[in-house]
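Just below is one structure, and these are the notes that go with it.
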Amino acid sequence: MRESQVLARIDKEYKLFSLPEILAQVIKAVEDKNSSIGLIADVVSKDVALTSKILRISNSSFYGRMNKVSSVMDAVGVLGTRSVKSIALSVSVYDLCRRLDNRLDIKDFWRHSLEVAILSELVARKTEVRLAEEAFVCGLLHDIGILILDSTFSKDYEKVWHLTCKGNDLIKTEESILSTNHVKVGAFLAEKWNLPERFANAIRDHHRTFELGEPKTDEILSQIVCLASRISNYQMDGLSYIRRQDFENKKALLHNLGLENDDIAEIRSEAVTRLIETAQFLEMDVGSPLDLVQKANDLLFQLMCQIEALYSSSEEGGTRIPKGRLDAIATDVMHTVVATFSHYFNNACATILGRSQLLEMSMDRGDLKDADNHVLTRSIEVIQKGVDSITNVLNVMKSVESFDTVQYHESAKIIDLKEQLDELTADKLEPIQHM
Ligand SMILES: [Fe+2]
Ligand SMILES: [Fe+2]
Numbered sequence: 005m006r007e008s009q010v011l012a013r014i015d016k017e018y019k020l021f022s023l024p025e026i027l028a029q030v031i032k033a034v035e036d037k038n039s040s041i042g043l044i045a046d047v048v049s050k051d052v053a054l055t056s057k058i059l060r061i062s063n064s065s066f067y068g069r070m071n072k073v074s075s076v077m078d079a080v081g082v083l084g085t086r087s088v089k090s091i092a093l094s095v096s097v098y099d100l101c102r103r104l105d106n107r108l109d110i111k112d113f114w115r116h117s118l119e120v121a122i123l124s125e126l127v128a129r130k131t132e133v134r135l136a137e138e139a140f141v142c143g144l145l146h147d148i149g150i151l152i153l154d155s156t157f158s159k160d161y162e163k164v165w166h167l168t169c170k171g172n173d174l175i176k177t178e179e180s181i182l183s184t185n186h187v188k189v190g191a192f193l194a195e196k197w198n199l200p201e202r203f204a205n206a207i208r209d210h211h212r213t214f215e216l217g218e219p220k221t222d223e224i225l226s227q228i229v230c231l232a233s234r235i236s237n238y239q240m241d242g243l244s245y246i247r248r249q250d251f252e253n254k255k256a257l258l259h260n261l262g263l264e265n266d267d268i269a270e271i272r273s274e275a276v277t278r279l280i281e282t283a284q285f286l287e288m289d290v291g292s293p294l295d296l297v298q299k300a301n302d303l304l305f306q307l308m309c310q311i312e313a314l315y316s317s318s319e320e321g322g323t324r325i326p327k328g329r330l331d332a333i334a335t336d337v338m339h340t341v342v343a344t345f346s347h348y349f350n351n352a353c354a355t356i357l358g359r360s361q362l363l364e365m366s367m368d369r370g371d372l373k374d375a376d377n378h379v380l381t382r383s384i385e386v387i388q389k390g391v392d393s394i395t396n397v398l399n400v401m402k403s404v405e406s407f408d409t410v411q412y413h414e415s416a417k418i419i420d421l422k423e424q425l426d427e428l429t430a431d432k433l434e435p436i437q438h439m
């Protein structure tokens, strides 16, 4: 099959992939400079599902409002018209894709896509804030070609996926079996949907290798999405293989966008919380919190296996893997795990602290009496110090930027994180006073 035949078939089945009329109306209203917030709110109100999602998002902690937003007009004011457009697009594309017949793990797909959307937005907020909303949409759509190819050419794509899960390069495998690839199909669809050209470019470029150097203005969005897809914690199964060019490319992208590894660590850790929240607001099924932890754990295991393989092959070949590369892998792996678990630890810590503060207040008011041996007062102190220690450990782990000495046990070849952490926390952790 030729590429033109593949695209013609997708074109023919386009009615399956067309977006709802309400979306066109929202986009038109937002892009018309003469539209008032009231008019945009009227258009949004025609769609009940979209209205409820926009209200929920405008009341989310991300917008940090004290008062509850209850009207669509206020919600549009809080979010801004560009956000309304990006939410409407995201919801429409997600709903459309739910109607497709896919063999791939859809939760896996949306978990990765939504994470890349959030990472793209967060990267944009640090580099080119005016692109934040567009970056979110492009991130969400970056791999849409995978879903389209999987639903249109399911048998062929099953072969593609099978080979990719064995470590073959996705783009090369798609081209050898289908004469095209998911980035071209994604860009083709973005054009069919009449999205701006830069959206199609960002989708087309997300596997591209960028040169080191100042990005051209029309390539900034592409480089943001490309970086976000490189730093995603939740890669789809089979796509988490580490390749040398990925590291080189990530280095160039960080440099071009004026970012440091510190920024990425911060962005990745914020992205986990945002992923859980945004999935709830947009009603996207990306798996339960337990699924997320399990997935992070699986990915960690895969990465560790890859580090082990890299280590063994370097020993056999008598060459050494550059220390910087191992250092980057180890730091990345640790940040993935810390970011995922932090969300849950922080929530649990906040609950424990809240309860202990309630007990303190009850004692202050005299509702609760502490006996002469002050067991209650001392217990509360111990609980609060314990929570402080957990928070300290998390903060120290988040602040690790690199390992000066990546250590391997002789037999198991496991990174000795514990030793590093003991060293790093020695002067920062207060020991818990036992009663
Ligand atoms: Fe991709
Ligand atoms: Fe991706």
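All residue numbers for the sequence shown refer to the numbering used here, where the first residue is 5 and numbers rise by one. The C-beta atom is built at its ideal place from N, Cα and C for all residues, glycine as well. Just so it is clear, the structure is predicted and the values come from calculations on it, not from any experiment.
If you draw a 10 Å sphere on the C-beta of residue 133, you find fewer than 16 other C-beta atoms in it, and that means exposed. Residue 52 is not a Cβ neighbour of residue 30, given a cutoff of 9 Å. Burial of residue 261 is indicated by the presence of at least 16 other C-beta atoms within 10 angstroms of its C-beta. Ranked by how close their Cα comes to the Cα of residue 79, the residues 99, 21, 46 and 100 have 46 in first place. Here the C-alpha atom of residue 295 lies approximately 21 Å from the C-alpha atom of residue 398.
DSSP, reduced to helix, strand and coil, places residue 267 within a helical segment of the structure shown. In the structure shown, residue 37 adopts coil according to DSSP, grouped into three states.
Secondary structure note for residue 235: it is in no alpha helix (DSSP H), with a DSSP letter that is neither H nor E. Relative to ligand 2, the beta carbon of residue 210 is positioned inside 8 Å of a heavy atom. At least one heavy atom of ligand 2 lies closer than 8 Å to the C-beta of residue 239.
Distance from the C-beta of residue 187 to the nearest heavy atom of ligand 1 is below 8 Å.
The C-beta of residue 227 has 16 or more other C-beta atoms within 10 Å across all chains shown, which makes the residue buried. The DSSP-derived three-state label of residue 170 is coil. With fewer than three CB-CB distances shorter than 8 Å, the region 214 to 222 does not count as touching the region 111 to 121. Cα atoms of residue 9 and residue 96: separation of roughly 27 Å, rounded to the nearest angstrom.
DSSP places residue 75 in the coil class of the three-state scheme, outside both helix and strand. Using a C-beta cut-off of 8 Å, the region 166 to 178 makes no contact with the region 228 to 237, since fewer than three inter-stretch Cβ pairs fall below that distance. Taking residue 179 as the centre and dropping the five residues before and after it, the same chain places the C-beta of 185 closer than 6 Å to its C-beta, in chain order.
It is roughly 33 Å from the alpha-carbon of residue 157 to the alpha-carbon of residue 32. Any heavy atom of ligand 2 counts here; residues with a Cβ closer than 5 Å to one of them, in chain order, are 147 and 233.
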